[in-house]
Structures are given as C-alpha cells and as structure tokens.
Ligand SMILES: [Ca+2]
Ligand SMILES: [Ca+2]
Ligand SMILES: [Ca+2]
Ligand SMILES: [Ca+2]
Ligand SMILES: [Ca+2]
Ligand SMILES: [Ca+2]
Ligand SMILES: [Ca+2]
Ligand SMILES: [Ca+2]
Ligand SMILES: [Ca+2]
Ligand SMILES: [Ca+2]
Ligand SMILES: [Ca+2]
Ligand SMILES: [Ca+2]
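Residue numbers (my numbering), protein chains in the order written: chain A, 979 to 1170; chain B, 979 to 1170; chain C, 979 to 1170; chain D, 979 to 1170; chain E, 979 to 1170; chain F, 979 to 1170.
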C-alpha cells in the first residue's frame, strides 16, 4: 500500500515527513539518473521554496562529490530527476532538504537507504541542518506508516516531548546538526 | 470513428481513460520520434500536473532503458513528442502516467500496444503505480469505446464493485502495483 | 485581392478555412525555410491551441520524413517559419492542423499545393484527421473566395447537408480520415 | 531635427508611417549588423504584433537571400538589431512590415534607401503586401516630414482620394502588391 | 560621498542625469568586462525602456567597433555588465542612452571618461541623439553634484533658458546630434 | 545553534546583517563551487534587488579576478551557488552586496572569512560601498549573535551614535568606501 514503509532497503528513495492541514504524513523522495548533461528535473507539484531546497541539496552533493565517493563529473554524463509522489498534491517548504540530499547520494553511490528511517530538516549549502515545524504531527505520520527511527534537527530537540508518549515509545529520535550525521544514520556503510 | 478502439494493434499509441464532468471517456496517447537531440515535446492542452506526469514517465523510461531493451542513448538522436488529441480540450491530472509510459516504450521498442486494453494510474519515478479517481465513470467510457481489458492500480481494487454489473461483465479488470505488470499486460512479448 | 484564390499553384502555401463571429473566411498558411538549425517559428497572433497544433503537424512531418520524400535531417540545416496573415487578427483552435501540415510538406518537397482547394481538420501525431466546427460558415467563406474543392474530416460528413444548396453545388466536398488522403488531394503527384 | 527626412540616402534606415491617436507621424526603422550568431534583437517598445511582423520580414529576407544578393549564411556571422526610435513611445501593429524588410535588405546589401520615400504595408512570409489603416493621417504625417513619395498596398488604392487635395498634390502615391515592387521603388538599383 | 563627482577620470564609468519626482539627480553608469561569451547583463532595477536603451547602445558600439578602435570580436571573449547604482531605486526611460554608450566605449577602449561631464540623451542605433525631458531639474542635480559640463541633445537647446541663471552660469552646456560629438567631448583623445 | 557565530573561521561563508519588521538579525551567506560551466545559482527566497546585487558582486569578482588572486577562467570550470538560509524566509534589498562578494572571494581563493565579523553595505560594479538602512537594529542583531566587529559603509558613519551605548561598547565599528577595505578586514591575509 502506497505510503507504508517499503519491505526492502532501496537505492534512490528516502522517506520524508510532511505536515499538512489534515495532519502529518510521510512522503517518499525518488531520484533517478539517466544518461544526460547535468540537468536537474524537479516534479511533484513542488513550490518555489521546495525547488530551491532541492537545488541547494543538489549543490551540496556536487560540491562534496569526491568526499562522498561520487565521481566528480557525474553531472556531465547524467540528468538527475527528483520526483515526489503524489503528483496532484501541492508541496512546499524547506523541510525535505535533508531527505532530498539522502536520496540523491543514495542514487549516485548505489548505497541503499534504510527503509525504516524517516527524516525532516532544512539543508544549507554547507550541509548544516536547520530546524523545521510540525514535529508532533510528523511523528504521528511516521508512526502510522510503520517507520522506526526519526532524524530531527538538533534545534528541534525541545519539540520531542510534545509527541504523545505512546507514539514516542515506538520511535527512536535521533537529532543532528550536519548532513554527515544524517548520512551515518540513513545510509548504511557511508564513507563520507 | 475517433474515440473507438483501433482495428489493429499499433506502435506508439495507448488508450488512457479520462474522467470529466460529463462522464468517463477514453483518450489516446500518441508518441512520435524524430531525429533530434532529446527534447521532450508535450501538446494537447495539458495542465502542469499532467506535464510533470509525462516527464516522470519519460525519466522512468530513460532510467530503465537497457532493461526495457531500448538503446541507452536514444535521447541523443531523437526528439520525443507526446500528444493527446483532441487539442482544444483541456486535460490534467496524474492518472495518464502509466499510459504515457506504455506509449513511450512502444514507440521506442517498436512493439505494438494491445488495442483492446485501456489503462489508468499515476506513475512514480521508480515505476510504482499509485491510485486514481473515477474508476466507475472511466469503466463506462472504456466499455462504450469497445475496450475489453482495464488496467487499474492495486489500491483501486476496492472501487471495481462500484461499476454497474452489466458493464463489469463485459470488461476484464487487472490490478497492478508496478510498471512491470502494466507492460506484461499491455505490450505483447515485453522482455523487461 | 488578398483573400482570393491564387492564380497559380504555389509552393509552401495552403488555404485553410476559418470560422469567426462574423462568419466564415479563408486563411492562407505560409511556410518558409531558411538556412538554420531546426527552429520552428510561429507568427500571426496564434493562440496556444493553434501553436500546439502547428507543433503537432511539424512532428508528424518530421517523423514521416523519409516516407514523404523529405531529407531526414532537414531540421539540422533549416529553420522553419509558419506564418498566418493577417498579423493583427487573433487566431486559435486546432482546425488548421491539416492545412499547416500540407503547407509544410509542400515547402519541404517543393511540390505545389492545388490553389483551388481549401481544407480544415485537426491533425494528430499519427496523421489522423479529427472533426472540427463551423462547416457551414467555412463553406460559405470558401465559396466566396473562389475555391472549388473542400477537404473535410470524415466525422464532419453529417454537416455537409447544412450548407445551403446553392453553395454546395459550386463546391466539391471530399472527406478524409488520414493525412495520406489529404495529401493525395491537395498536393499533385504526392508519393507520401 | 528628428522626424524630418534625412539629407542623404542612408544604408539600414527606412521611413515608415505611423498612425496614432494624435494623428499621423513618420517613424524611422533602423537596422544594424554586428558580428554574432544570427540573433534577432527588437527594441523600441514594440508590441507583440509588431515583433511578429519584424520576424516575418526577417524570415522573408532570409528565405530570399540569394535572390536578393545577400550571402546565404549571413545569419551565422551576424546578429541583427532592428530598433524603432523613440524608445519610450509604445508602437504596435503589422503596418511597418514592408519598412522593416526594406531596412533589413539595405543593411544586408549595403544599398542605400531613398530618403524621400515613406512606406506602409503588412508583409507576408512570401512577400505579399497586405492593406493597412490610416492612409489619410499617415499621408499628412509624411507630408509634414518632407517626404515626396508614398508606397501603399494595392488594396489601399481606394483610400487615396480621402487625402486632402493640397497634400495629395505634394506627394506621389505608388501602390504595390509585392515586396519586389517595394524594392524597385525604395532601393536604388535593386536586383532582387 | 556617493553622488558627488569623482576625484579622478575613470574608465568604464560615466555620469548620467536623472529626473525624479523629487527633482534632478545624477546617476553613475558603471560597466565591467569579464572573460565570457558576449552576454549583456543589466542591473540596477532598470525598467524595460531603459533595458532596451542599453541594448541599443550596446548594438551601436558593436556595429561601430572597428571605427571606435575596439577589437571587432570582443563579444566572443567577454561578458559585459552595465550596472546603475543605487540598486533599490527603480529607474526607467531612454535618456541614459548616450551615457551607457560612453561608459561602454570607455570600458572597451580603456580611455577614461571626463569626470566633470554629465550627459543625457536618447541614443538611436545609428548614433543619433534624440531629445529628452527634465533639462531644468537635471541641470540643478548636475550642479549640486559638482559637475561642470552638460551634454544635451540639440533638440533640447530651447530648454536651456529655463535653467535658473545662477546655475546656468556655473555650467557649460554643449548640444549634440550624434554620438561622435558626444565622444569628442566626454572621452579624451577619442578617435571615434 | 543556528544564527550564532561559528566556532571556527570558514571558507565560503560570511555574516551579513538583516533588518526585518521584528528587528535586526544576522544572515549567513553561503557559497559553493561545483564542476560546471559558469552558471550562477541563487537560492533562499531572494527578491529581485537582492538577486541583482548578487550578480553585481559576482561581476565585480570576475572583473577583478587576477587582482584578487583568482584564476581568470574559473567560470569556465565551475558553477557558483550562493544560498542564504533560512529558505522559507523572503529576503530582499541591496545591503548584502559586500557580504556576498566576501563569501564569493573566500570560496574562490580558499581563504577563510573572520567568523566574528558582520558586514552590511551595497556594492557597485567598481567595488564602491554605498550606504544602507537599519544600522541600529542590525547592530543589536549582530551583538545578540556574538559578533565582535561590524563593517559599515562610510556614509553610514553618522548612524553609529544611534546604537545604544551598552551595545556599542561590545562592538568594533569599521567604516569603508571600497571593497578593498572590506577585504582587508574580513579576509585574513588578503592580497586583493
Ligand atoms: Ca499521502
Ligand atoms: Ca517542548
Ligand atoms: Ca472524446
Ligand atoms: Ca467499493
Ligand atoms: Ca480575411
Ligand atoms: Ca446534418
Ligand atoms: Ca515622432
Ligand atoms: Ca475612397
Ligand atoms: Ca542619488
Ligand atoms: Ca525655452
Ligand atoms: Ca534568523
Ligand atoms: Ca546620528
């Protein structure tokens, strides 16, 4: 059923957490590579802030390519497509930044993303992780989708105690300040 | 008569199902290739969501090219045009995603699409098939156009019993979760 | 006088039929080639649907180039301009599709178009001809301009008896379902 | 004084006739060539119809280059700029079409334009000249600016008798149906 | 203090005169060259008319390059940026045309612009100088900024006697009809 | 905690000062380089004036590359991304101009920026520094974020005495008229 955790770790897909007027939800970020010339294609009815966030995640990955074990010139041979189903639902905001970076790095390194991990956080060009909103609702959505581990920005630590106890006990919360920490958790055997 | 099932299986054409304020209808997705440099041209008064859906279908096909038996560098030598007649009628939504993917794959492999099959479903970049609306109306439209088999997303299975019995008996409903299953049904001799 | 049938068959020009609030009219579609790189230029205050219709006609011609006796790589050496005088009058709709295809094919093959033929019909990417509106008014306009033969979509056959008898007698109506049939009528010695 | 006939025949400049709410006026069309790659630059606060008219004039010239004595590949080595002073005054409509074609051909052949000639007429892609409005007002403006000869579309012949007799006697009216005729009058020694 | 005459003649900078609702002002036009491919970059919250004026000045310079002592192919090796501080203040109109041409020519030839000269006038593609508005207010602004010489279009000669006598006596007014005359005044040792 | 001074001098990051309706704030300008072709990418919900300011800073750096110790052709091998977190907060105005120039130069030379310095000022294409608003509020924001030194435009000197004494005593104010002076302060061992 779409919206439930996958049954296997996959490459080029990561679980984000969304916060809508009707409550929290998960959203999967999909990344695919095709032979091409470095074009970045963004689809899924994304608003301007979310598109800029994708571009920031992409530049982060490009500028750290060597460090991340990615061929430095991958952009000369590939187009990159980031898609966020469901295509008719408008999405916006910077909080999927780290999720898009994880899905990109997975696609470019071939290393799978842990399927039981959900994550939310704004990314900066240097790979810092900035706070986001809706921790309580997003946690409920993650729990409902069967996720086990939630990555949150360090500056959102104070919001964890707002999550109902019953939910909190079924989830592991990990807080981070940098993309390095995100990758250590989300991508097995990361070498960055 | 336009809008009726073709009398022969064809290459680069697939039957989609639409759902308008005046009921269900079929719509044919046409794909043509020309010598070119990989441009994707989209016409037929398509809304933004439908255009993004086409782009997602296109990236799915490009990223799976080898697997699908398509020359990996076809985009360097061809422009791809996806057109949805009738050109003055506005169309939108993600539900033609799998139909556009089928028409693309048919055009690129030269394998014909079964002319008696209609299909509806959102496609994701990985080739997952997500649920859509209007199953009842689309089924009526498919029946009226003389189609025999309907491909639906697995998550729409529960909507089949809303189709009037008389119509349901004249149609075979097949539900799918992935593009692989769609291709097994719609394109004869698919090797993916 | 502009708007009257030409006195000689010409290359790169075809007679379309328009239907405005003040009645039917003819409109000439002009196509010119220049040394270039395959750009398609569209002028004449054309609306979006008409522009997409031109693009569809262009892709049809490109994908059938060899079959039509056109050098497959013409787009690498030429820019194509489609212009519809009179430049200050807004025009829209898909019904000039087959006329634009005929003018394009004439320009690219050097074969003249029959100057006494007017035509109207939506074109699809595969070269099917779909029905249009305003048959009665367009016939009056064609008659007034001195045309002798009218090409109509097969699905508009039923509208011919709405044309006043006196006009109908001065015109030959030919109905078609495919561009092949259009070319057999409009372009002398077509080998399509 | 700007707006008065030049005192010498010039290359790349032609006199158009405009018709504004405050009466007729002349407007000079200037064309310059620079080393470049075939870009067409249009300035002077031109409306969409006037821009399309410029493009049509440009394609006419490109498609007839050899016939006009212009190097066929000039667009590979030059950018073309068409400017209509005065830059803050909005201008629109198709009636400067033949004037822009004349200025272009003059710039590309190096042959000067007769400085005492004013002209007005819509151009088509094939070089036909279509009728325009405001003959009376434009004639007054031309007379005021010191022009001696006016080129008008053949279909505007009937409007000449609306020009006050005193003005008409100071001007020679020449009517034309094709660009060939325009060039014979406006450009000395044209070989078109 | 910004807005005061510079203390040395500089390359790539020229003093324009502006006319705002709160009176006259000077504005400096800055031009810089960078290794590049001929892109023209325009910044400083410029309106459409002012942008077109910049483009016209640029084409004038390109088409006269050899005559002006500028390498004919400079555009193949350089990007050109024209900036008008102060970046948050909207600016428009054609009257900075000659100032932009002077700053461009200075940057491209390396010859400094006289720092005590202010100038205002619309430029045409052929280098003619057309009249502008606000002579009185602009003169006051120039005087306040410490400028000594004002270049005005010939057609504005009649407006000089509207400038208060006390101001007029501190300024030298020079009127011009062509860019050649502007360059003789503004750029030392110009060979135009 | 985001918004506090970094604990180490960094490359490609500089502290700007912002002035919002709810008071002063700091904002970090991040710059990253990736293998590319000279594209300038700007993100962080920047308004048009701020984007033009970034472009002006970029052209300043490109035109002074040699002087600044930067490889003259860096733009042929790199794309440059300037990002201003927090991505959902709209930002505009020219006052981050010098900060963007500093971050760019740091990224391109590899020389770190002093982490205890905050700066605000409009940049011109020649590297002049123009006055800005909100000195008082920006100083409060800088103090709150733990910065020690503030770079201000010379023309803002008069505004320093509006900063409350207690704050003023914890900060060093340095005023400048040119980018050379900014670099001497902000980038250690600058050879500008
Ligand atoms: Ca959902
Ligand atoms: Ca709390
Ligand atoms: Ca239909
Ligand atoms: Ca049900
Ligand atoms: Ca007409
Ligand atoms: Ca009938
Ligand atoms: Ca005038
Ligand atoms: Ca009359
Ligand atoms: Ca000022
Ligand atoms: Ca006066
Ligand atoms: Ca903040
Ligand atoms: Ca003060």
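Even for Gly, the Cβ is constructed at its ideal location relative to N, Cα and C. Please read all numbers here as calculations on a predicted model, not as lab measurements.
Min CB distance residue i to chain E below 9 angstroms
i, result
"residue 1008 of chain D", "yes"
"residue 1159 of chain F", "no"
"residue 1016 of chain D", "no"
"residue 1072 of chain F", "yes"
"residue 1043 of chain F", "yes"
Limits of the unbroken beta strand (DSSP E) element including residue i
i, result
"residue 997 of chain C", "991-998"
"residue 1128 of chain B", "1127-1131"
"residue 1227 of chain C", "The structure shown does not extend to residue 1227 of chain C, since chain C is modelled only from 979 through 1170, so no value can be given for it."
"residue 1060 of chain F", "1056-1061"
"residue 1150 of chain A", "1150-1154"
"residue 1021 of chain D", "1018-1021"
"residue 947 of chain C", "This structure cannot settle anything about residue 947 of chain C, because the visible part of chain C is limited to 979 through 1170."
"residue 1096 of chain D", "1095-1097"
Secondary structure of residue i, DSSP reduced to three states
i, result
"residue 1069 of chain E", "strand"
"residue 1113 of chain A", "helix"
"residue 1137 of chain B", "helix"
"residue 1145 of chain E", "helix"
"residue 1011 of chain F", "strand"
"residue 1103 of chain A", "coil"
"residue 985 of chain C", "coil"
"residue 1169 of chain A", "Bear in mind that the predicted position of residue 1169 of chain A carries a pLDDT of just 42, short of 50, making it unreliable; the figure below should be weighed with that in mind. Three-state result, residue 1169 of chain A: coil."
"residue 1047 of chain A", "coil"
"residue 1001 of chain B", "strand"
"residue 1108 of chain B", "strand"
Any C-beta of chain F under 9 angstroms from that of residue i
i, result
"residue 1051 of chain A", "yes"
"residue 1012 of chain E", "yes"
Boundaries (first-last residue) of the alpha helix (DSSP H) holding residue i
i, result
"residue 1037 of chain B", "1026-1041"
"residue 1087 of chain C", "1075-1087"
Any chain B beta carbon closer than 9 angstroms to residue i
i, result
"residue 1023 of chain A", "yes"
"residue 1115 of chain C", "no"
"residue 1153 of chain C", "no"
Other residues of its chain near residue i: CB distance less than 6 angstroms, five sequence neighbours each side excluded
i, result
"residue 1169 of chain F", "The pLDDT assigned to residue 1169 of chain F is 42, lower than 50, so where the model puts this residue is not dependable; a value taken from the coordinates is nonetheless given after this. Taken in chain order, the residues that qualify are 1047."
"residue 1077 of chain B", "992, 994, 1007, 1097"
"residue 1068 of chain A", "1023"
"residue 1027 of chain A", "1070, 1071, 1072"
C-beta neighbour in chain C for residue i, strict 9 angstroms
i, result
"residue 1026 of chain D", "yes"
"residue 997 of chain D", "no"
"residue 1098 of chain D", "no"
"residue 1019 of chain B", "yes"
"residue 939 of chain D", "This structure gives no information on residue 939 of chain D, because the portion of chain D shown stretches from 979 to 1170."
Own chain, CB closer than 7 angstroms to residue i, minus 5 neighbours either side, in chain order
i, result
"residue 1020 of chain A", "1029, 1032, 1060"
"residue 1093 of chain E", "983, 984, 986, 987, 988"
Minimum Cβ-Cβ distance from residue i to chain D less than 9 angstroms
i, result
"residue 970 of chain C", "With chain C covering only 979 through 1170, there is no way to say anything about residue 970 of chain C."
"residue 1170 of chain E", "At residue 1170 of chain E, the pLDDT of 42 sits below 50, so the modelled position is not reliable and the matter cannot be decided from this model."
Own chain, CB closer than 8 angstroms to residue i, minus 5 neighbours either side, in chain order
i, result
"residue 1150 of chain F", "1126, 1127, 1128"
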